[in-house]
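Chemist: Here it is: the structure, laid out below.
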DNA sequence: ATTGAAAGTGTATTTGCAACACTTTTCAAA
DNA sequence: TTTGAAAAGTGTTGCAAATACACTTTCAAT
């Protein structure tokens, strides 16, 4: 076995997670950001974060932190990067791992969010954030965009059932560019894991739009990424 | 400012880096692995790793660890992932960040490598590694392969000047599949940042093969990834 | 009955990728 | 000096995927 001294001669550090929480509403991507009413950096904007605790996996810490703010568990979350510059947190040395999370913006717990003094902010209006959180957001956005081109992660931002127009608007928001409606629908039609539910959404048009859903079983059968 | 107590109520952890060191020789990718003659897990195979020290950036720790083993600095290195499961190191809790490094296999310091009881092992012959290092290798390989399809990172595995046959063999090793010679050369011809040096390599053929080099300035001008 | 607003639908063109085999060069050996 | 071996180098065709592009349908409200 490893002698305890093998570890003891090395320093220990605080380990944190910071979460880039994406939502989608009215054709725009938003982030859930804190206007900090607590130290450090009180009064400034930041990501939701927290420290890793004893006996807690790093991934679990990220899930806990997101759940503390939104009340939601079982979100789609991915690790983005770990930031380990000595001076990145001016208070003490902290190694922080960034995760992004995708939230169906209809579902989060408004009371919790209010209690944390958190707000959904549309991407183009994101304020300057503390520490290296600006960089974290940029990295998370790039990573999430890449993943969205490879697999349909974006669906986690929509309700269970969604119209093709919603889906297209979402992808336009993620990729930041307009998409041709007919080409988009052709591509979706090829994906048998996006299936019509038979339900109709009449809230946005008189004609009504077919509602679709993501079939995870069919998807997992087809793809490995 | 942040009260010190803000940090003090949270635990600290050892932070480590583990490095997946890729080399390329005779048409095959290899990893530089340690046959551990020290605790913990003496006698088993592992990646080269080390602990992050006080006052040392995470990236710098990874660079130091690779330099300790190979004598090389200024390598192409990228962070892969941070592994934070509670029980991943059976000795004590350690959060470890994996980095991959690309080494021109002609240049490393053989004495250092011997002193560490390290060996180049061809990819298909990689033994089982300690802890979660198998997973780190799998993740690093996938990430490096992806990056290689997007930008010419592989060039870091070759000498300054290389022939197109060498480059093709390298990409076949990275992607794990044969590539058509004419299609490959067509694609390379479009990349003006891979330029002929005018030198000829006669070591492998009577006819001689044109030597090329990577022009970083032209590349940085063309691409942003 | 008309209008407005969103849903839904097909074709032609372009472009990038994949398949495919022979010629050239040079040196060394016969 | 001829011949053979071994690697370098070179174009065309076909196919599939992506793109560009505009009108019709539906239905509720007026």
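Protein chains in written order, with our numbering: chain A, -19 to 205; chain B, -19 to 205. We put the CB at the ideal spot given by N, CA and C, even for glycine.
Please report the residue range of the alpha helix (DSSP H) in which residue 154 of chain A lies.
Modeler: On the first chain, position 174 is the one that residue 154 of chain A refers to. Here the alpha helix (DSSP H) through residue 154 of chain A covers 144 to 155.
Chemist: Count the CB pairs spanning the region 31 to 42 of chain B and the region 66 to 78 of chain A that are closer than 8 angstroms, and state whether there are at least three.
Modeler: yes
Chemist: Nearest CA to the CA of residue 206 of chain A: which residue from A:146, A:11, A:42 and A:0?
Modeler: As displayed, chain A neither begins before -19 nor continues past 205, which places residue 206 of chain A out of reach and without an answer.
Chemist: Alpha carbon to alpha carbon, how far is residue 149 of chain B from residue 133 of chain B?
Modeler: Reading the second chain from its first residue, position 169 is the one you call residue 149 of chain B. Reading the second chain from its first residue, position 153 is the one you call residue 133 of chain B. One C-alpha to the other measures close to 14 angstroms.
Chemist: Would you kindly report the start and end of the unbroken alpha helix (DSSP H) that includes residue 130 of chain A?
Modeler: By 1-based counting over the first chain, the position of residue 130 of chain A is 150. Run containing residue 130 of chain A: 113 to 130, per the alpha helix (DSSP H) assignment.
Chemist: Please classify residue 179 of chain A as buried or exposed, where buried requires at least 16 other C-beta atoms within 10 Å of its C-beta.
Modeler: Reading the first chain from its first residue, position 199 is the one you call residue 179 of chain A. Counting the other CB atoms within 10 Å of its CB gives residue 179 of chain A a total below 16, which places it among the exposed residues.
Chemist: Give the DSSP bridge partners of residue -6 of chain B, in chain order.
Modeler: The sequence position of residue -6 of chain B within the second chain is 14, counting from 1. Beta-bridge pairing links residue -6 of chain B to A:-8 and B:74.
Chemist: Helix or strand or just coil, what does DSSP make of residue 60 of chain A?
Modeler: Start at 1 with the first residue of the first chain, and residue 60 of chain A comes out as number 80. The answer is strand: DSSP assigns residue 60 of chain A an E or B state.
Chemist: Please look up how many angstroms separate the CB atoms of residue 77 of chain A and residue 62 of chain B, rounded, as I've assumed it's under 8 angstroms.
Modeler: Translated into the one-based positions of the first chain, residue 77 of chain A becomes position 97. Translated into the one-based positions of the second chain, residue 62 of chain B becomes position 82. Between residue 77 of chain A and residue 62 of chain B the beta-carbon gap is near 5 angstroms, inside 8 angstroms, which marks them as a contact.
Chemist: Closer than 7 angstroms by C-beta to residue 204 of chain A: which residues in its own chain qualify, once you throw out the five before and the five after it? Chain order, please.
Modeler: Position 224 of the first chain, counted from the first residue, corresponds to residue 204 of chain A. Residue placement at residue 204 of chain A cannot be trusted, given a pLDDT of 44 that sits under 50; the coordinates are not used to answer.
Chemist: Does the structure place the region 89 to 97 of chain B close enough to the region 1 to 9 of chain B that three or more beta carbon pairs sit under 8 angstroms?
Modeler: no
Chemist: Decide if the region 123 to 138 of chain A is in contact with the region 152 to 161 of chain A; the criterion is three or more beta carbon pairs, one per stretch, under 8 angstroms apart.
Modeler: yes
Chemist: In this structure, how does DSSP classify residue 204 of chain A when only helix, strand and coil are distinguished?
Modeler: By one-based count along the first chain, residue 204 of chain A stands at place 224. At residue 204 of chain A the pLDDT is 44, less than 50, meaning the model places this residue with poor confidence and gives no usable figure here.
Chemist: Taking the CB atoms as reference points, tell me whether residue 211 of chain B and residue 191 of chain B lie closer together than 8 angstroms.
Modeler: Nothing can be reported for residue 211 of chain B, as the shown portion of chain B is limited to -19 through 205.
Chemist: Is the CB-CB distance between residue -6 of chain A and residue -8 of chain B below 8 angstroms?
Modeler: The count along the first chain starts at 1 and reaches residue -6 of chain A at position 14. The count along the second chain starts at 1 and reaches residue -8 of chain B at position 12. Yes.
Chemist: What's the gap between the Cα of residue 70 of chain B and the Cα of residue 51 of chain A?
Modeler: By 1-based counting over the second chain, the position of residue 70 of chain B is 90. By 1-based counting over the first chain, the position of residue 51 of chain A is 71. Between residue 70 of chain B and residue 51 of chain A, the C-alpha separation is close to 33 angstroms.
Chemist: Which bits of chain A does residue -13 of chain B rub up against, with CB to CB less than 7 angstroms?
Modeler: Along the second chain, read from residue 1 onward, the residue named residue -13 of chain B stands at position 7. Neighbourhood of residue -13 of chain B in chain A, by CB distance below 7 angstroms: -6, 71 and 72, in chain order.
Chemist: Please check if any C-beta of chain B sits within less than 8 angstroms of the C-beta of residue 23 of chain A.
Modeler: The sequence position of residue 23 of chain A within the first chain is 43, counting from 1. With 8 angstroms as the cut-off, residue 23 of chain A does not count as an interface residue toward chain B.
Chemist: Could you tell me whether any Cβ in chain A is nearer than 8 angstroms to the Cβ of residue 39 of chain B?
Modeler: Your numbering for residue 39 of chain B matches position 59 in the second chain. Residue 39 of chain B counts as touching chain A.
Chemist: Three Cβ pairs or more, each shorter than 8 angstroms: is that satisfied between the region 106 to 119 of chain A and the region 15 to 27 of chain A?
Modeler: yes
Chemist: Report buried or exposed for residue 289 of chain A, applying the criterion of at least 16 other Cβ atoms within 10 angstroms of its Cβ.
Modeler: Since the first and last residues shown for chain A are -19 and 205, residue 289 of chain A lies out of range.
Chemist: Does DSSP classify residue 4 of chain B as helix, strand or coil?
Modeler: Walking along the second chain from the start, residue 4 of chain B turns up at place 24. Three-state result, residue 4 of chain B: strand.
Chemist: Taking the C-alpha atoms as reference points, what is the distance between residue 195 of chain B and residue 170 of chain B?
Modeler: If you number the second chain from 1, residue 195 of chain B lands on position 215. If you number the second chain from 1, residue 170 of chain B lands on position 190. So the two alpha carbons sit approximately 14 angstroms from each other.
Chemist: Using a Cβ-Cβ cut-off of 8 angstroms, state whether residue 34 of chain B counts as contacting chain A.
Modeler: Residue mapping note: residue 34 of chain B aligns to position 54 of the second chain, counting from 1. Chain A, which has a Cβ nearer than 8 angstroms to the Cβ of residue 34 of chain B, makes this yes.
Chemist: Taking residue 34 of chain A as the reference, give the member of B:193, B:-10 and B:55 with the closest Cα.
Modeler: The count along the first chain starts at 1 and reaches residue 34 of chain A at position 54. Nearest of B:193, B:-10 and B:55 to residue 34 of chain A, Cα basis: B:-10.
Chemist: Given residue 161 of chain B, which residues of its chain have a CB within under 7 angstroms of its CB, disregarding the five upstream and five downstream residues?
Modeler: In the second chain, the residue the question calls residue 161 of chain B occupies position 181. Contacts found: 148.
Chemist: Between the region 96 to 111 of chain A and chain B, which residues of the former have a C-beta closer than 9 angstroms to a C-beta of the latter?
Modeler: Within the region 96 to 111 of chain A, no residue places its CB atom closer than 9 angstroms to a CB of chain B.
Chemist: In the structure shown, what three-state DSSP assignment does residue 31 of chain A receive?
Modeler: In the first chain, counting from the first residue as 1, residue 31 of chain A sits at position 51. The answer is strand: DSSP assigns residue 31 of chain A an E or B state.
Chemist: Residue 46 of chain B and residue 57 of chain B: beta carbons closer than 8 angstroms?
Modeler: Your numbering for residue 46 of chain B matches position 66 in the second chain. Your numbering for residue 57 of chain B matches position 77 in the second chain. Yes; because the gap between Cβ atoms is below 8 angstroms, this pair is in contact.
Chemist: Any C-beta of chain A sitting closer than 8 angstroms to the C-beta of residue 156 of chain B?
Modeler: Position 176 of the second chain, counted from the first residue, corresponds to residue 156 of chain B. Not closer than 8 angstroms to any Cβ of chain A, the Cβ of residue 156 of chain B fails to qualify, so no.
Chemist: Just how far apart, CA to CA, sit residue 189 of chain A and residue 177 of chain A?
Modeler: Your numbering for residue 189 of chain A matches position 209 in the first chain. Your numbering for residue 177 of chain A matches position 197 in the first chain. Answer to the nearest angstrom: the Cα atoms are 11 angstroms apart.
Chemist: Under 8 angstroms, do residue 99 of chain A and residue 15 of chain A count as touching if we go by C-beta distance?
Modeler: Here the question's residue 99 of chain A lines up with position 119 in the first chain. Here the question's residue 15 of chain A lines up with position 35 in the first chain. Yes; because the gap between Cβ atoms is below 8 angstroms, this pair is in contact.
Chemist: Hey, does residue 170 of chain A have any beta-carbon neighbour from chain B nearer than 8 angstroms?
Modeler: As a first step, residue 170 of chain A must be located in the first chain, where it is residue number 190. No, residue 170 of chain A does not count as interfacial toward chain B.
Chemist: Taking residue 130 of chain A and residue 0 of chain A to be in contact with their CB atoms under 8 angstroms, please state how far apart those CB atoms are, rounded to whole angstroms.
Modeler: Along the first chain, read from residue 1 onward, the residue named residue 130 of chain A stands at position 150. Along the first chain, read from residue 1 onward, the residue named residue 0 of chain A stands at position 20. So it is not a contact: roughly 18 angstroms between Cβ atoms.
Chemist: Would you grab the beta carbon distance between residue -13 of chain B and residue 175 of chain A for me? Rounded to a whole angstrom, and I think it's under 8 angstroms.
Modeler: Translated into positions along the second chain, residue -13 of chain B becomes position 7. Translated into positions along the first chain, residue 175 of chain A becomes position 195. Contact flag wrong, Cβ pair sits at about 50 angstroms.
Chemist: For a contact meaning CB atoms closer than 8 angstroms, what does residue 64 of chain A contact in chain B?
Modeler: Counting from 1 along the first chain, the entry for residue 64 of chain A is found at position 84. Simply -5, 32, 37, 38, 39, 41 and 77.
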